[in-house]
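Colleague: Once you've had a glance at the structure underneath, I'll fire off some questions.
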Amino acid sequence: MTSRLNCSLFSLTFVSVLPAILLTWLHAAAAADKAISIPVQITHAQNFDPFPSPDGKKLVFISLITGKEQLFTM
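What follows is the structure, given as structure tokens:
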């Protein structure tokens, strides 16, 4: 009798919780598709001459930002 009661309680809980989980998932998926705003570029930079380091672990390049050339590594 106790196992039947536990099984029935589990089924009732599962059936009650499943729609809530499904609705939450659907709402989150629908919200992820909508853009919050339109992206606007507010800076401008040009990158030139990428060159790998001798060991190949890093990359150096020249970046032209507001008329000044700068070296950057990645």
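Residues are numbered in our numbering as their position in the sequence shown, beginning at 1, plus a constant of 963. Beta carbons: idealized from backbone N, C-alpha and C, even for Gly.
1) How is the beta strand (DSSP E) around Val-1023 delimited, first residue to last?
2) Tell me, to the nearest whole angstrom, how far the beta carbon of Leu-1027 is from that of Phe-1011; I am working on the premise that it is less than 8 angstroms.
3) State the start and end residues of the unbroken beta strand (DSSP E) segment that holds Thr-1036.
4) In angstroms with no decimal places, state the Cα-to-Cα distance between Phe-1014 and Gln-1004.
5) Between Thr-1006 and Trp-988, what straight-line distance do the alpha-carbon atoms span, to the nearest angstrom?
6) Helix or strand or just coil, what does DSSP make of Pro-982?
Modeller: Per the coordinate set shown:
1) Taking the first residue of the sequence shown as 1, we reach residue 1023 at position 60. Taken as a continuous stretch (DSSP letters only), the beta strand (DSSP E) holding Val-1023 covers 1022-1028.
2) If you number the sequence shown from 1, residue 1027 lands on position 64. If you number the sequence shown from 1, residue 1011 lands on position 48. About 7 angstroms separates the two Cβ atoms, so the contact holds.
3) Position 73 of the sequence shown holds residue 1036. Run containing Thr-1036: 1031-1036, per the beta strand (DSSP E) assignment.
4) Numbered from 1 along the sequence shown, position 51 holds the residue referred to as residue 1014. Numbered from 1 along the sequence shown, position 41 holds the residue referred to as residue 1004. Approximately 27 angstroms, taken between the alpha carbons.
5) As a first step, residue 1006 must be located in the sequence shown, where it is residue number 43. As a first step, residue 988 must be located in the sequence shown, where it is residue number 25. Cα-Cα distance, rounded: 37 angstroms.
6) In the sequence shown, residue 982 corresponds to position 19, counting from 1. Correct three-state label for Pro-982: helix.
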